[in-house]
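Chains as they are written, first to last, in my numbering: chain A, 1 to 193; chain B, 194 to 386.
Glycine included, every Cβ here is placed at the ideal spot set by N, Cα and C.
Protein chains: 2
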Amino acid sequence: MKEDPRLIATRQTALDAAQKILMDEGVLHVTHGAVSKATGISRSTLYRHWPDARSLRDAAFRRIATPPNIPPKTDGPLRSDLRWLLGVLMGALNDTPWGQIAPQVVAAASTDEEARLVITEFMKDRFASVEAVFAAAVGRGEITADIPVDQLIELAVAAPYFRKLIRHEALDEEWLDKHVDLLCSIAKTNSGQ
Amino acid sequence: MKEDPRLIATRQTALDAAQKILMDEGVLHVTHGAVSKATGISRSTLYRHWPDARSLRDAAFRRIATPPNIPPKTDGPLRSDLRWLLGVLMGALNDTPWGQIAPQVVAAASTDEEARLVITEFMKDRFASVEAVFAAAVGRGEITADIPVDQLIELAVAAPYFRKLIRHEALDEEWLDKHVDLLCSIAKTNSGQ
DNA sequence: CTCCTATAGAACAATTTGTTGCATAGTAGA
DNA sequence: TCTACTATGCAACAAATTGTTCTATAGGAG
Chain A
1 MKEDPRLIAT
11 RQTALDAAQK
21 ILMDEGVLHV
31 THGAVSKATG
41 ISRSTLYRHW
51 PDARSLRDAA
61 FRRIATPPNI
71 PPKTDGPLRS
81 DLRWLLGVLM
91 GALNDTPWGQ
101 IAPQVVAAAS
111 TDEEARLVIT
121 EFMKDRFASV
131 EAVFAAAVGR
141 GEITADIPVD
151 QLIELAVAAP
161 YFRKLIRHEA
171 LDEEWLDKHV
181 DLLCSIAKTN
191 SGQ
Chain B
194 MKEDPRLIAT
204 RQTALDAAQK
214 ILMDEGVLHV
224 THGAVSKATG
234 ISRSTLYRHW
244 PDARSLRDAA
254 FRRIATPPNI
264 PPKTDGPLRS
274 DLRWLLGVLM
284 GALNDTPWGQ
294 IAPQVVAAAS
304 TDEEARLVIT
314 EFMKDRFASV
324 EAVFAAAVGR
334 GEITADIPVD
344 QLIELAVAAP
354 YFRKLIRHEA
364 LDEEWLDKHV
374 DLLCSIAKTN
384 SGQ
């Protein structure tokens, strides 16, 4: 029993448009009417797919707020692995829908359980990737196991997110290099004391 | 030419309610109708004060998003000054309207120039306070001037904001102690090389 | 070709948004 | 106290938005 291709096409077209509206104009403007006007899909069809405004907005959030997984590179050295991982993360923030939508998800999370889940799940993934990088460095004997890994992970990820989402400052290669340098120096000076 | 006390009372009552709605239910629910129902002020009066939905929301944002200034304590030692300053900042995030509203402001900033100004101005203040603390420590000779101050400031402020706004994790005394410890150790090990 | 189902479109009710005119009541000044 | 002023409340209203329902049509599956 396969799904009618028209269902799939409608959903895809509608959510594409909803996503664009969400990014360009904010959550306030994601409505059945706006999506209908943007796509040509009739309002009644949209209501059949998403019975009310909230479910439409939720669908738009969920679709866009599913960022790609980053399998970390862990073949060392630490600086190189960390630079690569955070480079990918920074790229995602700069150049993908996720980067544009993240502020909206952050805000939604304060009143919406669904959005909160999206964020915490996502951050768990990111933290795990960074942790894998540090763990590999410990495994190679590059740093010792007594560094405050949890704090380092938090700083590593917090800085780019804070800079992009909250301060609206540029995330560029130069900034990232300095960030990674500092993280490595912390890891190493705290190592083996 | 003094202002009619009724004007002042209406504005205050209305914005109090708008603020509460903004925090509890999100920006979507800040409308003239909702504020009217919450306060008993008639809709027409509200429209007289704020001609459209956007100006009402903006007013609610602006009112709540004016966080208190924190004059930094700079009489040393570094750990103590930093602990005090970040403690106040953490307290504001945990226990004041600003902490609850910040996610909404962050989101609004991605499509609203006004909200972006609020944030950048505010962050400038916070950064200046942290910088004053480090500068005082340099002045006392506790650390040397060649530490990467800008990065340290960013990390100092980014961590609590990230933790609270994005991860929705607790900001407690224990976490803050470890955060300040790490910052101080970075400042000192990078000092005088 | 036939049955099933998704869509378009229009008509509709309900709610929300914004406007206007008028009576009332609070405020300031003489 | 009396007067002029102005903010508010209220009701009526127009316009836009939101959500529902029905019917005709067209696309897809067997």
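Q. Would a check of beta-carbon distances place Gln12/A closer than 7 Å to chain B?
A. no
(Q) Check whether chain B comes within 7 Å of Phe127/A, counting only Cβ atoms and requiring the distance to be less than that. (A) no
Q) With C-beta atoms as the reference, is Arg63/A less than 7 Å away from Leu7/A? A) no
Q. Would Leu375/B count as contacting chain A if we go by Cβ distances under 7 Å?
A. yes
Q) Is Arg360/B closer than 7 Å to Met123/A when the C-beta atoms are compared? A) yes
Q. In chain order, which alpha helix (DSSP H) runs of at least 4 residues are fully inside the segment 109-192 of chain A?
A. 113-139, 149-161, 173-189
Q: Closer than 8 Å by C-beta to Gly219/B: which residues in its own chain qualify, once you throw out the five before and the five after it? Chain order, please.
A: Gln297
**Q.** Under the three-state DSSP convention, the category Thr238/B falls into
**A.** helix
(Q) Please list, in chain order, the chain A residues whose beta carbon lies closer than 9 Å to that of Glu218/B. (A) Thr111
Q: Compare the C-beta of Arg276/B with all C-beta atoms of chain A and state if any pair is closer than 7 Å.
A: no
Q. What's the call for Gln386/B, buried or exposed, on a 16-neighbour Cβ count within 10 Å?
A. For Gln386/B, the pLDDT reaches just 43, beneath the cut-off of 50, and the residue's location in the model is therefore unreliable, although a value from the coordinates is still provided. Exposed, because fewer than 16 other Cβ atoms sit within 10 Å of the Cβ of Gln386/B.
Q) Leaving out the 5 sequence neighbours to the left and right, which residues in its chain are closer than 6 Å to Val30/A when beta-carbon positions are compared? A) Ala18, Ile21, Leu22, Arg57, Ala60
Q. Using a beta-carbon distance below 7 Å, is Tyr240/B in contact with chain A?
A. no
Q.
With the cut-off set at 7 Å, would you say Val387/B and Val118/A are in Cβ contact?
A. Absent from the model: residue 387/B. The displayed extent of chain B is 194 to 386, so no value can be given.
Q | CB contact below 7 Å: Val138/A versus chain B | A | no
Q: Specify the secondary structure class of Gly40/A as computed by DSSP and reduced to three states.
A: coil
Q: Compare the beta carbon distance of Ser129/A and Pro72/A with 7 Å and say whether it is the shorter of the two.
A: yes
Q. Arg11/A to Trp175/A, Cα distance in whole Å?
A. 40 Å
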